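Participant:
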C-alpha cells in the first residue's frame, strides 16, 4: 500500500474544500473550518496547508474573476484532485476498519 | 450596500508585501482584505489594527516567504564560490592582504584592549545590588572641591533624621595589630563599620552571618585569604583570634569572599561599631568638629541628593562645629567614587577616544585599499555582469571578502591579546575579572562586531566596483571616475589628521611628565633614606621609642650620615590631616591647614630653605609651643612677616596658642599635579613614625647596612623596610607615566597602521601610472620632476590634515593640561613637530614607491601589453 502523507489539519482542510465544492477559496474555507471546528485558524496556517497540499498534488487551483471587494484582488478557488479523493478514501477506510475492529466491550466500558 | 471601506494599516501591509512570495501575494492579500473588511464591522479601529498586525505576524512562515536568495542559484554553492574567489583574490594580492590583515588586527586588538581597560574602570563598585542608591559622604568648604571625609556622628544622624536615608554606615579604623590564631600570624588593619553595612553592600559571604557578626561585641569578619593564613583550610567561624600585643581576643563570626579588585572599599577584617578602639571613641576626635571619617549612606529608591540638599544644609547648621561655618555636605554616587579616587575620568575618556580613532584608521585602510583595488577587478566584475550576475550577487561577493578579512583579523587580534593582556594588566595595574565563560562571550561579541565592521567597510568598495558600467569595463575604460578618488582623499586626510593628533597628545603628555619631574621641588629629595616605624610592632611603645632615640644617636656617628631625624610625614606621604587655625590678633581669620609633626632637624635634612624666621631649636624650651608654616600659609593669613604672630589651634572648647617661629619656602610636598597648599609643622622629636636619614653620595650601601643592623636591635615585630625619598616621590607620577606609555604605544601603533595603509594604496595607484611615468620619461622629465609630480598630491593632503587637526589637538591638550596646577605651555613647535613627522612618514611611504616607479626603464613600462 502506498503511503498517504496527510496531516490531520491537512485532511480536514481537504474535506472542507470538498464540502464547499465550487466555492472553496481562502476566506470561505477559513470560515467553514472555524464554524465546524469551533476555533479560529490564522490565515498563515491555512495558506501554508493549502500550498503544501497543492505541492503534493491533492489540490488544483484556478483564479476567479476580479471584483470590487477584496481591494480588487482575485480569489483563488481550490478543488480537490483525484489523488486527494483516493487518499481521503484510504484514510477513511483505515479508520473504519480500526473502528470496526475495536472489541465492543472496550467502547462500552470506556 | 457597500461594506465600510477597510483601510489596512500601511506599515504592516508594506512589510507583508515585502516578505510574501510574489506568487501568493494577490491571493493572500485579497483574503486578508476580505476578512478584515468583515471584522471592521465588529471591532474598534485600534483593536482591528492589533488583530491585523498579529495576523501578519502569523503569516511569517517559511512556506509563504519570499526567498531572499535568487531562486536559480543554490545558496550553498554561491557562498562556496564567494569563499573560493575571495581566497584566490587574497592569495594573489599577498602583500596587500598581509598589510590589510596586520593593520586591521592591530587596530582591533588595541580597540578591544582599550575597551577592556575602560570597562574595567567603569565596572568599579557596580557589583553591589544597591550600588545605584549608595553614596559616599563628602564635605566641602565655601563651595570648593569636596573631600570625601566627614565627621563621626554624621552618618547615624542622617539615618535617624532623614526618612530618605534608609541605611548608613561608617568605615573607619587604621590600627593594624598583629593577630594570631592556630595556623599563623598576620598584621592587618581592622575596619569598623555599622550594622547597616551588611544591608548596603553585596560582598559575598562564604560562611556565617555578616549582619549578626557586625551586631555582636567581640566578633570580627575576615576575608577568605586572611582567614586561610590564620586558620589554614579549616573553617574559621566560631574560632578565636588573639592580638599578639595585649590580651584582647576576637571571635570570627563570618568569612567573606576576598574583596574584588574593582571595589573602592577595600578591607580584610571588619568589625561592628560596638568594638571600636579607644582612639575612635575619643570625644576629642569623635565629635562634630573633626573631619576624618569615611561614611556611606543608602537612599530609598526615589530620593536624589539634589532633593536632600536643603535638609543636609539644615543638619550642618544645627550640628557642625564651630557654629556658622560654611561647610556643605556632598553625596558622591558610589559608582563615581573610583573616578574621583583615581582622578582618571578624563584619562579613561581619552583612552576610549583613542580606541575609536585606531579602529577608524584601520577600517579606513581597508576601505581605501579595497576601493583602490577596484581598478584591477573591473574586468572580473564586468565578466561576471556579462555572464548574468545580478548586482546583489556582486555586492555580496565583495562583502564576503570584507567579512573574511575582518573575521581573520579579529582572530589574529585575540591571538595577540592572549600574549599582550598579562603585560597590559601590569602596566595599568589592574586584573581583568572575567571568568573563562566571560572571555568566551567577549570573543564571540567581538567576532560579531567585527563582522558588522566588515560589512560597513566592505559596502563602499562593493558598491563602487559594481556600479561600473559593463560596457565601459569591457572597453577597458578603467577611468578614475568610477573609483571616486575624492572620497579616498578625504579618508587619507582623516588618517593623517588622526595621526597628528595622537603625536601631539603623546608629546604633550611626556613633556608634562618630564616637566614635573625636573621642576625644582624646593627641597632636595636625593640621598634621603626613610625607615617606617609602626607602634603596633612594639609591646612597650615608650621603651621602644627610647631605643629608637638611641638608634638615631648611633646612626649619626656612622661615616657618610649627615642628618638623622624623625617625622610623621615626608613629601609624597603627607596625610590628609587638617586642622583649623585662627590668627590670635584677629580670631575671625580662620584657615584650615594641613598639619604634621617633625623632628627638629627635618627641614635641614630635606634641604628646605626658610624665607622668614628660623628652624626649631631643641635647646629653646619654648619651641614645643612653636610652629613653622610655609609661604602659602603666611599668604593665607595675609601676613607680611611673622613678627609677634601667634596661631590658635582647634576650636570647639577654646584653642591652644602656638608661636610662629619660621616660614619655609613652598616645597612641593605633593605631586605637581596639585598646587602647594598651606602647611603647618609642629615639633616632635620622639614619636614620628618615620626615621629620616640624609647621607652622602656613594655611601648608600654602607649606610643601609648600618641602618638595618641598628633596626635589628629594636626587636620590632615587622621585618626591616625602607624607601628612598626620590623614588617614593617619583612614584606619584606613575599614573601619568602609565598614560604616557600607553599614549606613546597606541600613537605609534596608529601611525604604523596609517603608514602601512598609505604605502599600499600609493603603491597600488602609482603602479597604475606606469605608462604615464614611462611617457613622461621619454619626453625628458627628470627623476626629481617626476617624483614631485607624483608625490605632491599626497603631501598636500598632509597639509590639509595639519590645518584640520591643529585646532582640535590644541583644544584637547589645553583641556588635558588644565588638570595640572603646574603645567607646560602649549608650544607651537609641538604641532609643527607632529605635522612634520607625519609629513616625513608620508614622504617615506610614498617616496619609496615613487622612486622605484620613476627609476624604471620606460621601455619596460611602455612595451608592456
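Chains as they are written, first to last, in our numbering: chain A, 1046 to 1155; chain B, 2 to 866. C-beta: ideal position from N, C-alpha, C; glycine also. All of these numbers come straight from a predicted model, not from anything done at the bench.
1. Please list the partners that residue 1093(A) has in chain B, where partner means a Cβ-to-Cβ separation under 8 Å.
2. Check the Cβ of residue 29(B) against every Cβ in chain A and list those closer than 8 Å, keeping chain order.
3. Taking any Cβ of chain B, which residues in the stretch 1100-1118 of chain A have a Cβ under 7 Å from it, in chain order?
4. Helix, strand or coil: how does DSSP classify residue 171(B) here?
5. For residue 1124(A) and chain B, any beta-carbon pair shorter than 7 Å?
6. Taking 7 Å as the CB-CB limit, is residue 18(B) close to chain A?
7. Measuring alpha carbon to alpha carbon, tell me which of 638(B), 678(B), 424(B) ends up nearest residue 739(B).
8. Whose Cβ in chain D lies nearer than 9 Å to the Cβ of residue 50(B)?
9. Which of helix, strand or coil does DSSP assign to residue 592(B)?
10. Where residue 1054(A) and residue 1064(A) are concerned, what is the direct C-alpha to C-alpha distance, given to the nearest angstrom?
11. Got a sec, what are the start and stop residues for the alpha helix (DSSP H) residue 254(B) sits in?
12. At what residues does the alpha helix (DSSP H) containing residue 1106(A) begin and finish?
13. Below 8 Å on the Cβ atoms is my contact criterion, and I expect residue 226(B) with residue 259(B) to pass it. Report the Cβ-Cβ distance as a whole number of Å.
14. Looking only at C-alpha atoms, which of 387(B), 390(B), 444(B) sits nearest to residue 413(B)?
15. Looking at the secondary structure, which residues open and close the alpha helix (DSSP H) in which residue 280(B) lies?
16. Taking three-plus beta-carbon pairs below 8 Å as touching, is the stretch 626-637 of chain B in contact with the stretch 674-685 of chain B?
17. Any C-beta of chain A sitting closer than 7 Å to the C-beta of residue 81(B)?
18. What are the start and end residues of the beta strand (DSSP E) that includes residue 221(B)?
19. Tell me which residues share the same chain as residue 1052(A) and place their Cβ nearer than 7 Å to its Cβ, disregarding the 5 neighbours each side in the sequence.
20. Give me the Cβ distance between residue 174(B) and residue 193(B), rounded to the nearest whole Å; I'm assuming they're in contact under 8 Å.
21. Where residue 716(B) and residue 818(B) are concerned, what is the direct C-alpha to C-alpha distance, given to the nearest angstrom?
22. Candidates 691(B), 696(B), 584(B), 704(B): which alpha carbon is nearest residue 645(B)'s?
23. Out of 320(B), 572(B), 488(B), 648(B), which one is the CA nearest neighbour of residue 724(B)?
24. One question on the structure: do residue 102(B) and residue 410(B) come within less than 7 Å of each other, judged by their Cβ atoms?
25. Run through the DSSP bridge pairs and tell me what residue 1070(A) is partnered with.
26. If you draw a straight line from the alpha carbon of residue 491(B) to that of residue 1113(A), how long is it in whole angstroms?
27. Please name the residues in the stretch 30-48 of chain B whose beta-carbon is closer than 9 Å to at least one beta-carbon of chain A, in chain order.
28. Could you work out which residues of chain B lie near residue 1081(A), taking near to mean beta carbons separated by less than 8 Å?
29. Look at residue 648(B) and residue 582(B) and say whether their C-beta atoms are less than 7 Å apart.
30. Shorter than 7 Å from the beta carbon of residue 59(B) to some beta carbon of chain A?
31. Is the stretch 53-60 of chain B touching the stretch 16-28 of chain B, taking contact as three or more C-beta pairs under 8 Å?
32. Once you ignore the five residues that flank residue 540(B) on each side, which residues in its own chain have a CB closer than 6 Å to its CB?
33. If you compare alpha carbons, which of 49(B), 42(B), 374(B), 30(B) is closest to residue 763(B)?
34. Within the 7 Å Cβ cut-off, does residue 56(B) reach chain A?
35. If you check the beta carbons only, do residue 462(B) and residue 372(B) fall under 7 Å apart?
36. Closest to residue 868(B) by C-alpha separation, out of 341(B), 549(B), 232(B), would be which residue?
Facilitator: On the basis of the data shown:
1. Stepping through the first chain from its first residue, residue 1093(A) is reached at position 48. Residues of chain B passing the Cβ test: 62, 64, 65.
2. On the second chain, residue 29(B) is found 28 positions in, with the first residue counted as 1. The answer, in chain order, is 1071, 1088, 1092.
3. 1114, 1115, 1116, 1118
4. For the purposes of this step, residue 171(B) is taken as the residue at position 170 of the second chain. Strand at residue 171(B).
5. In the first chain, the residue the question calls residue 1124(A) occupies position 79. No, because no Cβ of chain B sits closer than 7 Å to the Cβ of residue 1124(A).
6. Stepping through the second chain from its first residue, residue 18(B) is reached at position 17. It does not: the Cβ of residue 18(B) has no partner Cβ on chain A nearer than 7 Å.
7. The residue you call residue 739(B) lines up with position 738 of the second chain. Of the listed residues, the one whose Cα sits closest to residue 739(B) is 424(B).
8. Of the protein chains in this structure, namely A and B, none is chain D.
9. Within the second chain, numbered from 1, the residue matching residue 592(B) stands at position 591. Looking at residue 592(B) - three-state DSSP - the assignment turns out to be strand.
10. Residue 1054(A) sits at position 9 when you count from the first residue of the first chain. Residue 1064(A) sits at position 19 when you count from the first residue of the first chain. For residue 1054(A) and residue 1064(A), the distance between alpha carbons rounds to 15 Å.
11. Start at 1 with the first residue of the second chain, and residue 254(B) comes out as number 253. That residue, residue 254(B), is in no alpha helix (DSSP H); its beta strand (DSSP E) goes 250-257.
12. Position 61 of the first chain, counted from the start, is the residue given in the question as residue 1106(A). For residue 1106(A), there is no enclosing alpha helix (DSSP H); the residue is part of the beta strand (DSSP E) that begins and ends at 1104-1108.
13. As a working mapping, residue 226(B) is identified with position 225 in the second chain. As a working mapping, residue 259(B) is identified with position 258 in the second chain. About 5 Å separates the Cβ atoms of residue 226(B) and residue 259(B), confirming a contact at the 8 Å cut-off.
14. The residue you call residue 413(B) lines up with position 412 of the second chain. Comparing alpha-carbon positions, the option among 387(B), 390(B), 444(B) lying closest to residue 413(B) turns out to be 444(B).
15. Translated into positions along the second chain, residue 280(B) becomes position 279. Taken as a continuous stretch (DSSP letters only), the alpha helix (DSSP H) holding residue 280(B) covers 279-282.
16. Yes: the two stretches touch, three or more of their Cβ pairs being nearer than 8 Å.
17. Position 80 of the second chain, counted from the first residue, corresponds to residue 81(B). False, the Cβ-Cβ gap to chain A never drops below 7 Å.
18. Along the second chain, read from residue 1 onward, the residue named residue 221(B) stands at position 220. Residue 221(B) -> beta strand (DSSP E) spans 220-224.
19. For the purposes of this step, residue 1052(A) is identified with residue 7 of the first chain, where counting begins at 1. Nothing listed; no residue qualifies.
20. Here residue 174(B) is taken as the residue at index 173 of the second chain, counted from 1. Here residue 193(B) is taken as the residue at index 192 of the second chain, counted from 1. The pair is a contact, with the Cβ atoms about 5 Å apart (cut-off 8 Å).
21. Your numbering for residue 716(B) matches position 715 in the second chain. Your numbering for residue 818(B) matches position 817 in the second chain. Going by the C-alpha atoms only, they are around 49 Å apart.
22. Walking along the second chain from the start, residue 645(B) turns up at place 644. Nearest C-alpha to residue 645(B): 584(B).
23. Indexing the second chain from 1 puts residue 724(B) at position 723. When only C-alpha atoms are compared, the closest one is 572(B).
24. Against the second chain, residue 102(B) aligns to sequence position 101. Against the second chain, residue 410(B) aligns to sequence position 409. In this structure, residue 410(B) lies closer than 7 Å to residue 102(B) by Cβ.
25. The count along the first chain starts at 1 and reaches residue 1070(A) at position 25. In DSSP, residue 1070(A) forms a bridge with 1122(A).
26. Locating residue 491(B) in the second chain gives position 490, where the first residue counts as 1. Locating residue 1113(A) in the first chain gives position 68, where the first residue counts as 1. Using only the alpha carbons, I get a separation of about 57 Å.
27. 30, 31, 32, 33, 34, 35, 36, 38, 39
28. For this step, residue 1081(A) is matched to residue 36 along the first chain. Here the premise fails: no neighbours, minimum Cβ distance about 17 Å.
29. Taking the first residue of the second chain as 1, we reach residue 648(B) at position 647. Taking the first residue of the second chain as 1, we reach residue 582(B) at position 581. It is a contact, given that the beta carbons lie within the stated cut-off.
30. Counting from 1 along the second chain, the entry for residue 59(B) is found at position 58. Yes - at least one Cβ of chain A is within 7 Å of the one on residue 59(B).
31. Counting C-beta pairs with one atom in each stretch, the stretch 53-60 of chain B and the stretch 16-28 of chain B have three or more that are closer than 8 Å, which means they touch.
32. Position 539 of the second chain, counting from 1, holds the residue named residue 540(B). 246.
33. As a working note, residue 763(B) is residue 762 in the second chain. The option with the nearest alpha carbon to residue 763(B) is 374(B).
34. Sequence index remark: in the second chain, residue 56(B) carries index 55 (1-based). The C-beta of residue 56(B) comes closer than 7 Å to at least one C-beta of chain A.
35. Along the second chain, read from residue 1 onward, the residue named residue 462(B) stands at position 461. Along the second chain, read from residue 1 onward, the residue named residue 372(B) stands at position 371. Cβ atoms of residue 462(B) and residue 372(B): closer than 7 Å.
36. Only positions 2 to 866 of chain B appear in the structure, and residue 868(B) is not among them; the question remains open.
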